[in-house]
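Read the structure below first, then the notes.
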Amino acid sequence: MGANPNENGPGVGFIFLNEILRMKEHFIAALGMTVSASAKQPQAAEKPPVDIVLIGGGVMSATLGTYLKALEPGWTIHMYERLEKTAEESSNGWNNAGTGHAAFCELNYTTLTQAGSVDISKAVAVNESFEISRQFWAYLVKQKILTEPQSFINNVPHMSFVWGEDNIRFLRQRFDALQTSTLFRGMEYSENPQQIRDWAPLVMDGRDTFQKVAATRMEMGTDVNFGEMTQQLLSALQQHPQFHLHLQHDVVDIKRNADQTWSVHVADHSNGGQQSTVRARHVFIGGGGASLTLLQKSGIPEVNGYAGFPVGGQFLVATNPAVVGQHHAKVYGKASVGAPPMSVPHIDTRILDGKQALLFGPFATFSSKFLKRGSWLDLFHSLTRQNLLPMLRVGLDNFALMRYLISQLLMSNKDRLNALREYYPQATMADWSLIEAGQRVQVIKKDAGKGGILQFGTEVVSSADGSLSALLGASPGASTAAPIMLELLASMFKEQVTTDAWQRKLKEMIPSYGQTINGDLALTNAVRRSTSEVLGLTYIEARPLPGESAEGKWEGLQKAI
């Protein structure tokens, strides 16, 4: 009988990794990689604290900064970005698929229950979140903070596409279940090859005529250039004298002060790495994959037990007009067994800088870096005594994921072409090139039952008083930046968010603020009609089911819109 490692000690693997942690601690101390907070404190104390420090120049920090400038115009905001430009990591248009994640086409947001029904709760939550994003962006367009909506958001129909009896049965069930939500009215379903060809000819031409297929289509799907959006948000913020953007500034340490402010230690790489310290009342860490290690440096106990698993991605890209012109959709399939949700195969129309291209992928890669332009030591530096066991448990419980990653790493160009031909049967490799996409860090967290779990999606981790928060995780990410930062406002600024002034402003920015859109047909249509008009997008009216009322609780929404 095999020994149980939980009964007979930590095991060889745990002891080995524990020894690595000891080596890491000595290594850091020897190189002087941590900044002495006491040495920097006099410099920081000379100036009053800034209201908030935003770490990372991506869409999350830009969104939070935009909220705060509208809510508290007089607050001082400092943003620190380690690279020469903002929005160059995950927010960059070529580092993500640009899907406006609304759960129209992403099958991983709907799962089969043990009873055989389809659970749509996550799909509804994701769609509600995207409606908040649309409202926020529409408000910013009306305020001329975002300009020319077609420069950052465009209609591209969202489709789910499957083959095989089991998958077709699931897609049919999914479609039926989604129709119970007002948010998914207007979605079309077909098992007719000719109808599907009309929607996506590139996907159907050359396909085996005996292969049974099915698809859903939502015409009001979107493609979003989050890089362009981020640049516009930051350009508007820079018009305010109280906002300060620091490029090529790397945050190297964060420490709590006796007066409950935070000392943020920064290295200026445009000036030989010279270090300085800024004192802040609040800190938001929106550094993508690097957020975990910065959160660990803050010393807050809430981060104990969190770890990160880095997963990179590659896409095949086509720019040949003869190919690109055959396809205008984002077509998502089903993920391979063991694949993380962010690895669902899809062939997408992308609109970047006014030009169309096709992307297919992603193909998973592995790197110990937490950022595309990070360090090979990132994973090593993130290991702690608190997150070691959860990481080991996740490794033991996710062999399917490990097998999937290994199979992806071993793929040849021929293998990638074969994968592409499942969605574009007539593809030739001469039309496609392989690019490196962004790096994502999936959240691993301590779990009382399993020891550790691999968590997909995003998660906000905050200090007990809410004065320091960080965003961890990946998809749906940027698509839900507005609602995520809205939730963060409530936890980080508990006193301010309940004031009449903040409540009025938030309802001006998000007309449905405080209300649930799903299930309210009138509210669903009012919100979508308004945002579609401002953003220049297609509006599809959600129609009532037999016996369903078209009335809703407006609560002054008409006046706000």
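Residue numbers (the numbering used here): 1 to 561.
Note that CB positions come from ideal geometry on N, CA and C, so glycine has one too.
Keep in mind that this is a model prediction, so the values were computed, not measured.
For residue 404, the secondary structure class from DSSP, reduced to helix, strand or coil, is helix. From the listed residues 316, 328, 362 and 69, the smallest Cα separation to residue 233 is found for 69. Shown here, residue 302 sits in a helix according to DSSP, grouped into three states. DSSP lists 263 as the bridge partner or partners of residue 279. The beta carbons of residue 230 and residue 87 sit closer together than 7 Å. Annotated as proximal: residue 394 and residue 444, with beta-carbon spacing under 7 Å.
Secondary structure remark: continuous beta strand (DSSP E) runs of at least 3 residues inside the segment 444-471, in chain order: 451-455 and 458-462.
Using a Cβ distance threshold of 7 Å, residue 527 and residue 219 do not count as a contacting pair.
By the neighbour-count criterion, in which 16 or more other beta carbons inside 10 Å mark a residue as buried, residue 164 falls on the exposed side. Beyond the five residues adjoining it in sequence on each side, residue 329 comes within less than 7 Å, by CB distance, of 156, 157, 159, 199, 200 and 349 in the same chain, given in chain order. Taken through DSSP and simplified to helix, strand or coil, residue 365 comes out as strand. If you look at residue 196, you'll find it in the alpha helix (DSSP H) that goes 193-199. The DSSP-derived three-state label of residue 495 is helix. Judged by pairs of C-beta atoms under 8 Å, the segment 48-61 touches the segment 266-282, as three or more such pairs exist.
Taking each of 162, 268 and 446 in turn and checking the Cα distance to residue 307, the smallest one comes out for 446.
Cβ-Cβ distances below 7 Å link residue 291 to 285, 470, 471 and 472 in the same chain, with the five nearest sequence neighbours on each side left out; the list follows chain order. Within the segment 485-535, the complete alpha helix (DSSP H) segments of 4 residues or longer fall at 494-497, 500-509 and 521-535, listed in chain order. Linking residue 500 to residue 161 through their CA atoms gives a straight-line distance of about 47 Å. The secondary-structure analysis by DSSP pairs residue 79 across a beta bridge with 54 and 245. If you compare the alpha carbons of 478, 66, 316 and 90 with that of residue 429, the shortest gap goes to 316. Less than 7 Å separates the beta-carbon of residue 479 from that of residue 101. Distance check between residue 353 and each of 154, 205 and 259 places 154 closest, using alpha-carbon atoms only. When DSSP reads this structure, residue 99 sits in a beta bridge with 223. Beta-carbon to beta-carbon, residue 426 and residue 365 are separated by about 27 Å, too far to satisfy the 8 Å threshold. Around residue 127, the same chain offers 102, 103 and 183 as residues with beta carbons nearer than 6 Å, after the five sequence neighbours per side are excluded. Taking 8 Å as the upper bound for CB-CB distance, residue 294 and residue 254 are in contact here, some 6 Å apart.
Secondary-structure assignment with DSSP links residue 345 through no beta bridge to anything.
Beta-bridge annotation (DSSP): residue 442 is paired with 309. Around the beta carbon of residue 60, a 10 Å sphere encloses 16 or more other beta carbons of the protein chains shown; the residue is thus reported as buried. Exposure of residue 549 is indicated by the presence of fewer than 16 other C-beta atoms within 10 angstroms of its C-beta. In its chain, beyond the 5 residues on either side, 541 and 542 have a beta carbon closer than 8 Å to the beta carbon of residue 525. In this structure, residue 491 lies away from residue 282, with their beta-carbon atoms at least 7 Å apart. Considering only 147, 55 and 512, the residue with the shortest C-alpha distance to residue 262 is 55. In its chain, beyond the 5 residues on either side, 103, 181, 183 and 518 have a beta carbon closer than 8 Å to the beta carbon of residue 124. For residue 210, the three-state secondary structure derived from DSSP is coil. Counting other Cβ atoms within 10 Å of its Cβ, residue 432 reaches 16 or more and is therefore classed as buried.
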